[in-house]
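Below is one structure, written out as structure tokens; comments come after it.
Residue numbers (the numbering used here): 1405 to 1921.
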């Protein structure tokens, strides 16, 4: 009797030969997982004659319950994977903003100004913008796991110069590569969630995946404020290294390969070993001869999506403005709350808890949006546009929160009032990102990682510029009008989610990359 195929719990060993003879039960299993009727009576000569390219048997999953399909894994393991990638995203984005809490100690030690120190923040975010263009398409060519492992190892290595560097130039340069290396958890995470969860289950995991990259930057000043208030600023990076190493262990132990084409390649290899029939081929193997051209196309695809897909372009620009505002706040909040309320470093860090609280409320609303989608499904078949209602509401909340924040930043008004306004902004921002990210993964399932890479590139490229002029803008326009300018900008972009909810299906039908149904 042939042993059973690998269980979902042993997904890391799918390519190992299984013990047992090649009996009729194996052929029955092959018929089940490929849908191709097998002839047990073929001689070796006949098999050889049939092993031409025209007789190749394309291997596919028999369904989401196929033992080799990532979606067949136990629910607990799926969520363990989501938690690991969210922790990675949280860590690398926290590393971006925690740097701002070191200015007070670091600038005098390196004999530099705060503006020059701010370049270290922008260089990190610029690395975040550049990284997905490489790591995300490569994950669609080589798989998720090797890219996660390689990039996170490099992330840890490039964090070390920030901890031991002796001049500001070292930090600025190393932080660019630090951000570049860590971006896998931003651009590939959405693709990983789509790998392991079916479309109907995607709302909750994508809410977590969407929230982590934005809770992280807001969490940085909170953690960094306490560290830099009590100990030397270099401990900021020692703590981040320890955190990153823990995540690296989690990837090694509990994060298997989830990319479907790679898993099909493993399945085809296993079937060839068990049957001796070389005709079994995965789709990825049948185009392997493209080699460098395939890699080049993978690297080009995020730019194709960004510039050739109107929906991707508009939603990416919207995302970029929202993240740019968040990074601008890392300079604006200390300026406002120290000047108006005389807060210390760690107290200023705590003011970001308003944004975090708003994001947590948005994340907790995920079941509500699942029910909204279920009601939409009662009217018609599933469409990617049904992911956009959170973004429609969030788009309204963002300018409301920014105007609230803008016109309550007076000394005569209690400090909690503008923080409440920032909470409304944080809630709206995460709702927008959740809707956009889930829509991109659902509308471009085959190129989910590339779609997320284009979004990461646009977001981070603009966010890198905002901190460089943020303080000057607030000093020139005043606290109220500077924040109002940001509110007017988001007000102009507010219709985007609604327009694509209404007309997205028409645009997808004309797309080269989007799913049409």
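Just so you know, even glycine gets a beta-carbon here, dropped at the ideal spot from N, CA and C. Predicted model only: the values in this text are computed from it and were never measured.
With respect to the C-alpha of residue 1737, the residue from 1892, 1887, 1903 and 1649 having the closest C-alpha is 1887.
Pairing residue 1874 with residue 1893, the inter-Cα distance amounts to about 15 angstroms. For residue 1552, the enclosing alpha helix (DSSP H) begins and ends at 1548-1568. Here DSSP, grouped into helix, strand and coil, assigns residue 1829 to helix. Residue 1494 and residue 1679 have their C-alpha atoms spaced approximately 45 angstroms apart. Shown here for residue 1841: same chain residues with a beta carbon closer than 8 angstroms to its own, the five before and five after excluded, namely 1594, 1610, 1613, 1614, 1856 and 1859 in chain order. Residue state for residue 1684 is assigned as strand, using DSSP reduced to three classes. For residue 1583, the CB contacts under 6 angstroms within the same chain, skipping 5 residues up- and downstream, are 1528, 1531 and 1532 in chain order. Inter-residue distance for residue 1633 and residue 1862 is about 34 angstroms (C-alpha atoms, whole angstroms). The residue from 1501, 1521 and 1684 with its alpha-carbon nearest to that of residue 1460 is 1684. Here residue 1499 is near residue 1563, since their CB atoms are less than 8 angstroms apart.
Shown here, residue 1651 sits in a helix according to DSSP, grouped into three states. DSSP places residue 1633 inside the alpha helix (DSSP H), whose first and last residues are 1607-1634. By the neighbour-count criterion, in which 16 or more other beta carbons inside 10 Å mark a residue as buried, residue 1907 falls on the exposed side. Per the coordinates, the alpha-carbon of residue 1687 lies some 17 angstroms from the alpha-carbon of residue 1548. Just measuring C-alpha positions, the residue of 1784, 1793, 1539 and 1854 sitting nearest residue 1903 is 1793. Beta-bridge analysis with DSSP links residue 1462 to 1685.
In this structure, the alpha-carbon of residue 1826 lies about 30 angstroms from that of residue 1638. Note that the C-beta distance between residue 1497 and residue 1625 is not below 8 angstroms. With a 10 Å radius around the Cβ and a threshold of 16 neighbouring Cβ atoms, residue 1629 comes out buried. About 19 angstroms separates the beta carbon of residue 1601 from that of residue 1789, a gap too long to meet the 8 angstroms contact definition. Residue 1606 and residue 1850 have their alpha carbons spaced roughly 15 angstroms apart. Contact check between the region 1650-1669 and the region 1773-1780: fewer than three CB pairs, one atom from each, fall below 8 angstroms, which does not count as touching.
Only residues of its own chain outside the window of five on either side were considered, and among them 1539, 1551, 1552 and 1555 have a CB closer than 6 angstroms to the CB of residue 1588, listed in chain order. Boundaries for residue 1918: no alpha helix (DSSP H) harbours it, and the DSSP string shows neither H nor E there. Counting the other Cβ atoms within 10 Å of the Cβ of residue 1852 gives 16 or more, which makes it buried. For a cut-off of 8 angstroms, the C-beta gap from residue 1917 to residue 1848 is around 6 angstroms, short enough to register as a contact.
In this structure, residue 1739 sits away from residue 1829, with a CB-CB distance that is not shorter than 8 angstroms. DSSP, reduced to helix, strand and coil, places residue 1644 within a helical segment of the structure shown.
Judged by DSSP secondary structure, residue 1792 falls outside any alpha helix (DSSP H); it is assigned neither H nor E.
Residues 1536, 1539, 1540, 1853, 1856, 1857 and 1860 of the same chain have their beta carbon placed closer than 7 angstroms to that of residue 1591, with the five preceding and five following residues left out of the count. Counting of Cβ neighbours within 10 angstroms places residue 1720 among the buried residues, the total reaching 16 or more. Burial state of residue 1635 is exposed, judged by a 10 Å Cβ sphere holding fewer than 16 other Cβ atoms.
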